[in-house]
Amino acid sequence: MDTNTAVSEGIAPLLNPFLLTYTMVMSLMLLSLLRYANNRPAAAFQAAPILLKRLGLPVPSFSSSSLFSASSVSAVPHSLPSFANETLTPAGTRMPACVHRILTRDEAKERVLVVGDVHGCLEELQALLVKANYTAAKDSVVLVGDLVNKGPLSAETVKWCRTQGFYSVRGNHDDSALAAYFRVGKFTGVSSLPQAYDFVAALDEADVAWLDSLPYTLSIEHLGVVVVHAGLLPGRPLQMQQAADMSRIRSVKRAEEGGEGTWVGVEYIPENGEAEPWAKVWSQEGKECEGGEGSTDARHLLFGHDAKRGLQVFRKATGLDTGCCYGRELTLAILPGEERISVKALKAYQVPHGLKSD
Ligand SMILES: [Mn+2]
Numbered sequence: 001m002d003t004n005t006a007v008s009e010g011i012a013p014l015l016n017p018f019l020l021t022y023t024m025v026m027s028l029m030l031l032s033l034l035r036y037a038n039n040r041p042a043a044a045f046q047a048a049p050i051l052l053k054r055l056g057l058p059v060p061s062f063s064s065s066s067l068f069s070a071s072s073v074s075a076v077p078h079s080l081p082s083f084a085n086e087t088l089t090p091a092g093t094r095m096p097a098c099v100h101r102i103l104t105r106d107e108a109k110e111r112v113l114v115v116g117d118v119h120g121c122l123e124e125l126q127a128l129l130v131k132a133n134y135t136a137a138k139d140s141v142v143l144v145g146d147l148v149n150k151g152p153l154s155a156e157t158v159k160w161c162r163t164q165g166f167y168s169v170r171g172n173h174d175d176s177a178l179a180a181y182f183r184v185g186k187f188t189g190v191s192s193l194p195q196a197y198d199f200v201a202a203l204d205e206a207d208v209a210w211l212d213s214l215p216y217t218l219s220i221e222h223l224g225v226v227v228v229h230a231g232l233l234p235g236r237p238l239q240m241q242q243a244a245d246m247s248r249i250r251s252v253k254r255a256e257e258g259g260e261g262t263w264v265g266v267e268y269i270p271e272n273g274e275a276e277p278w279a280k281v282w283s284q285e286g287k288e289c290e291g292g293e294g295s296t297d298a299r300h301l302l303f304g305h306d307a308k309r310g311l312q313v314f315r316k317a318t319g320l321d322t323g324c325c326y327g328r329e330l331t332l333a334i335l336p337g338e339e340r341i342s343v344k345a346l347k348a349y350q351v352p353h354g355l356k357s358d
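Here the sequence shown is numbered in full-length UniProt numbering, starting from 1 and rising by one per residue.
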């Protein structure tokens, strides 16, 4: 046998068309999975069941929940990777490690109480929970963000919610508090903070770490709900949503570029109908709404951030910011179900200032 024959016989099995195709398909699948998870193997591990579900394939019993409940990785929350490729938040702080948090059936208790913008109104928050017959044994609390600023007890609110084991998404004011604490963004080079940010000096390391960990969205899949501070851009999948929209939008208008059904988010509430509440558009039928064409997103969104519009009830989105810091009410939604409970503010801590973007 000459050398050439030996070589060709040696590699012959590798040239088998079936094996070649199989290897190529498997490599492509692995590469797509890694790409789907932003080249993070751990995220790819979590993304695999989601991809299988999307493709209509059976999900093996070792789902992300059971894999990641092992004690060695218990600090890693269940999450979806973000594909928006952002490293900094609109306030100039770093993006949270987990942008899209999933609250699993195992983590959630019997009822989930979703609370509107607290803005330092801790006494009202506690009164509201009493009114809702809250008990730590049977209830999980999820806040829509903006725990701080405007009201009287910002640092105390953060500390209390953290130590109670409450969940929260990140609001623009929570971002600003971090920016003030770390002197980044608009606070870069500022030696003495504005008086409104005095409270950041009362935050300890655990409070700051907790704020820093707040995700932009929290999905409660078994209840069919997503919690976000400000909103989502219609027509765009959850994992493509950008921090600026998730923490700041109030309205959307048609994009001039990007084709039919493309929306851009705006922070203001227009007087002349040039833009509409994002939640109203999100709730309209059609492929350009919800998460876009091909979306099977049948989930209901719960959000805050829009005290001026107050309680907003749309088919697929509910706004819970009822302006407590302005002397109006603090509201929570009880899940599962449609029930909502409110308490009156003890006083007006802040005078609303028109359409200012906060
Ligand atoms: Mn806000």
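The beta carbon of each residue, even a glycine, is placed where N, CA and C say it ideally should be.
- Restricting attention to alpha helix (DSSP H) runs no shorter than 4 residues, the region 111–157 encloses them at 122–131, ordered along the chain.
- Beta-bridge partners of residue 89 (DSSP): none assigned.
- Exclusion of residue 353 from the 7 Å shell around ligand 1 follows from its C-beta lying no nearer than that to any non-hydrogen atom of the ligand.
- Relative to the non-hydrogen atoms of ligand 1, the Cβ of residue 231 never comes closer than 7 Å to any of them.
- As DSSP reads the structure, residue 228 sits in a beta bridge with 217.
- Listed by position along the chain, the residues with Cβ atoms less than 5 Å from a non-hydrogen atom of ligand 1 are 146, 171, 172 and 305.
- Our two residues, residue 271 and residue 135, have alpha carbons roughly 43 Å apart in a direct line.
- Remark: C-beta atoms of residue 115 and residue 125 approach each other more closely than 8 Å.
- Of the candidates 232, 348 and 342, the residue whose Cα lies closest to the Cα of residue 292 is 232.
- Annotation: the continuous alpha helix (DSSP H) that includes residue 243 extends over 243–248.
- Where residue 182 is concerned, the enclosing alpha helix (DSSP H) starts and stops at 172–182.
- Around the Cβ of residue 265, a 10 Å sphere holds 16 or more other Cβ atoms; the residue is buried.
- Across the structure, residue 322 and residue 21 are spaced so that their CA atoms are roughly 59 Å apart.
- Residue 222 sits exposed, since fewer than 16 C-beta atoms from the chains shown fall within 10 Å of its C-beta.
- Pairing residue 218 with residue 103 gives a Cβ-Cβ distance under 8 Å.
- Going by C-alpha positions, residue 352 is about 30 Å away from residue 99.
- Residue environment: residue 175 is assigned as buried (16 or more neighbouring CB atoms within 10 Å of its CB, all protein chains considered).
- Looking at the DSSP output, residue 263 shares a beta bridge with 254.
- Under the criterion of beta carbons closer than 8 Å, residue 139 and residue 118 do not qualify as touching, at roughly 16 Å.
- The residues 223, in chain order, have a CB closer than 7 Å to that of residue 336 in the same chain once the five nearest residues on each side in sequence are set aside.
- Excluding its 5 nearest sequence neighbours in each direction, residue 87 has C-beta neighbours in its own chain below 8 Å: 94 and 95, listed in chain order.
- Residue 183 and residue 197 have their alpha carbons spaced roughly 11 Å apart.
- Cα atoms of residue 307 and residue 24: separation of roughly 54 Å, rounded to the nearest angstrom.
- Straight-line measurement puts the Cα of residue 154 at about 18 Å from the Cα of residue 344.
- Take the alpha-carbon of residue 187 and the one of residue 289: they are about 37 Å apart.
- Counting only residues of its own chain and dropping the five nearest sequence neighbours on each side, residue 127 has a CB closer than 7 Å to the CB of 343.
- Around the beta carbon of residue 275, 16 or more other beta carbons lie within 10 angstroms, which makes this residue buried.
- In the DSSP assignment, residue 277 is bridged to 251.
- According to the DSSP assignment, residue 343 belongs to the beta strand (DSSP E) that extends over 340–344.
- Less than 8 Å divides the Cβ of residue 92 from the Cβ of residue 185.
- Counting only the Cα atoms, residue 163 lies some 19 Å from residue 177.
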